[in-house]
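Inspection log for the structure reproduced underneath, given as structure tokens.
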Amino acid sequence: MTDSPQAHVSRALSRRLGVGFRQRLRRLGRATRRRLHTPLWFPHVPLFLAVGCLGLLQLRHALGIGFTAHITAGDIFSMSKSALIAVVHGAPSATAGVFLVVMAFGLLMRSRLAWVIAVLVTAISAVLIWLVWLGPPDNDLLVYNLGVLVALIACGSAFNRSSLTTASLFAIASIVLLIAYAVLGAYLLGPDFAPPITDLLTALYFAMVTMSTVGYGDIVPKTTEARMFAISVMVLGITIFATSVSALLMPMINRRMENLLGTRERKMVRSGHYVIAGSSSLARNTYKALTARDHPVTFILPEPPRAGMVEQDVVVGDASDLDVLRRAGAQDAKAVLALSDDDSENAFVVMAAKELSDSLKTVAVVSDGRNMARVKRVHPDVIIAPQVLGGELLAMALSGEPVDGDYLMQQVLQVTG
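Residue numbers (the numbering used here): 2 to 418.
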């Protein structure tokens, strides 16, 4: 029995969109391979381990066995100045180690802030090793440090998230290190103050009063070194506290504004769905038809959705942008449907989808018949020309020709080779 042209077109459409069993099986295999490999653990997990180990090595180098013996042997507030001087000598390395260990957890969350700080601290740490601690025992540490720096720079594009947790860790680490710097500095410069600072508790009191810019005046710096130290504590205190507050408040304010304006995208796992780019009448009707058949659909819109589309899965952005397509899960979609009223925009969406994945199925709508040849050049799997239908029907009616359903189907729905 010979198949009708409608059946032939229908089967060709199903094959090109990958809705057959073999196509679904191949897509499932590709998605499974992706989930078992890079999307789940690379590069954030290896860099978390590498940066964390580098931070621990820096801390071990700075503190050493002698300082650990002082900590465990007696009260930290009764440590001798000779022990504290040894600690201060390794303070830059210890500071770098603390920040690297803290920011390693931020890298695990793909935080952009953690990546920026990790790159800066790793670069500074390499310079410090080269200028201060370079020697035969430290060559391995320098090489490892440079390797981590290169890896961070190479994988920078993978860290693009805003994390309130990372900002909180950065603020806490900065404040703790500032207090340590102020206390140790005041204690070591104790004779340069009036009255002299002779213990760490008094140094802690002076540090807090100076950082808060209260300035009671009961402890006054007398020498140039002490005055410059007090100035540095005040400047660093104001800067770090302001930076920490802004780092904590801005993500919270942004999230609150996104929730109020309804522009924040819902985080969800998208797979086996259809991606519709455009807000035309055809796009909305296609959405209704697909959802009526229980097919999941994700919209890509250039602007935040209207009130009537709040319940729909919407990604805001340019559908011809690869990052926007990835956010919409296009790499795991059944097909990308470019259904806007602009033919050139639909062509660019198809080009981006093909660049994202050669095996990704694409559908493009052509509103102006004159653009049919141009759209075909980007090789969409299916081309829909609904405007052609009206013209053909009107021409057939005016000329008295019988309505040829097979011919109309071939004109409106074209499956490219």
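Every residue gets a Cβ at the ideal spot worked out from N, C-alpha and C, and that includes glycine. As the structure is a prediction and not an experimental result, all values here were calculated from the model.
Check                                                                                                                                      : Outcome
Could you tell me which residues DSSP puts in a beta bridge with L338?                                                                     : I277, V364
For V315 and Y275, I'd like the C-alpha separation in whole angstroms.                                                                     : 12 Å
Looking only at C-alpha atoms, which of F242, A119, T123, F194 sits nearest to I173?                                                       : F242
Starting from V379, trace the alpha helix (DSSP H) in both directions and tell me its first and last residue.                              : Unbroken run through V379: none, as it is neither H nor E.
Which residue from A293, S281, F207, G191 puts its Cα closest to that of E226?                                                             : G191
Once DSSP output is grouped into helix, strand and coil, what is the label at T299?                                                        : strand
Please identify the residue among A95, M104, D324, T96 whose C-alpha is closest to the C-alpha of L50.                                     : M104
Quick one: using the 10 Å Cβ neighbour count with 16 as the cut-off for buried, is M229 buried or exposed?                                 : exposed
Which one or two residues does DSSP pair with S112 in a beta bridge?                                                                       : R162
Determine, using beta carbons only, whether S112 and F43 come nearer to each other than 8 Å.                                               : no
Output the distance between the C-alpha atoms of L132 and S245, rounded to the nearest integer angstrom.                                   : 30 Å
Contact check, G273 vs K335 under 8 Å by CB: the rounded distance?                                                                         : 6 Å
Would you tell me roughly how many angstroms separate the C-alpha atoms of A1 and I277, rounded to the nearest one?                        : This structure cannot speak to residue 1, because the chain is shown only from 2 to 418.
Going straight from the alpha carbon of V234 to that of A183, what length do you get?                                                      : 6 Å
Please report how far the alpha carbon of I239 lies from the alpha carbon of L108, in whole angstroms.                                     : 27 Å
From L283, A320, A329, V367, pick the residue whose C-alpha is nearest to that of M352; which is it?                                       : A320
Could you give the distance in angstroms between the alpha-carbon of L129 and the alpha-carbon of L249?                                    : 30 Å
Assign V52 to buried or exposed, taking buried as 16 or more other Cβ atoms, counted over all protein chains shown, within 10 Å of its Cβ. : buried
Within the continuous beta strand (DSSP E) that includes D314, where are the two ends?                                                     : 314 to 317
Determine the direct distance from the alpha carbon of L121 to that of A168, and round the result to whole angstroms.                      : 16 Å
Nearest by alpha-carbon distance to V337: which of D344, E346, L326 is it?                                                                 : L326
Is DSSP giving F43 helix, strand or coil here?                                                                                             : coil
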